[in-house]
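In the numbering used here, the protein residues as written are 324 to 523.
Built from N, CA and C at the ideal position, the CB exists for glycine as well.
Here the structure comes first, spelled out in structure tokens, and everything after it is commentary.
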């Protein structure tokens, strides 16, 4: 099986919960499957020093600098999407999908779905660490300054729109908690969801 694996950072060193989970998953899958790792990262300078640590588990490892894009065409996107743009990553991923027969695309976070074609020809597994729109709703309710309330309300609206869009675009969604699964089902009842708790 050949897997295209998209992350928002290099999963090494595995010093945070997200990196640890991704590192363990890649290390185990890499024993039997061919993994092509693409990381759209905000810490490119640091991450590039550790690429060699993942080459034993991956067929290839490619890093791309995540760029905050505030251009007009991104006006209706939440900041989480704006912070992870990369034309280079989108072009390379498109090239890979056209030129290699992948079996599945594994995406860590809805905001990385922007780098895939609208209708990929293969299954897409989308893993959600959090339900970001609900976090923005909490921040909106807790904010005491009007400017902050306006910002988080807008982030809630935009995030809800794009989370739902990308959940429906994925073949299957994965949450890390049953609470998140329940919330996703309420927001988008007809998507295919499964909970796989964190574990090493």
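Taking 8 Å as the cut-off, the beta carbon of residue 371 is found no closer than this to the beta carbon of residue 352. Between residue 431 and residue 330, the gap from beta carbon to beta carbon is short of 8 Å. The three-state reading of DSSP puts residue 407 in coil, since its state is none of H, G, I, E or B. Here residue 383 is bridged, per DSSP, to 359.
For residue 365, the three-state secondary structure derived from DSSP is coil. Scanning the segment 396-443 from its first residue to its last, the whole beta strand (DSSP E) runs of 3-plus residues come out as 427-431. DSSP places residue 451 inside the beta strand (DSSP E), whose first and last residues are 447-451. In the three-state reduction of the DSSP assignment, residue 472 falls in the helix class.
Residue pairing for residue 328: DSSP places it in a beta bridge opposite 360, 429. Judged by DSSP in its simplified three-state form, residue 491 adopts helix.
If you draw a 10 Å sphere on the C-beta of residue 378, you find fewer than 16 other C-beta atoms in it, and that means exposed. Selection 389, 391, 360 evaluated against residue 383 yields 360 as nearest (Cα-Cα).
If you look at residue 517, you'll find it in the beta strand (DSSP E) that goes 516-518. The straight-line gap separating the alpha-carbon atoms of residue 428 and residue 415 is approximately 14 Å.
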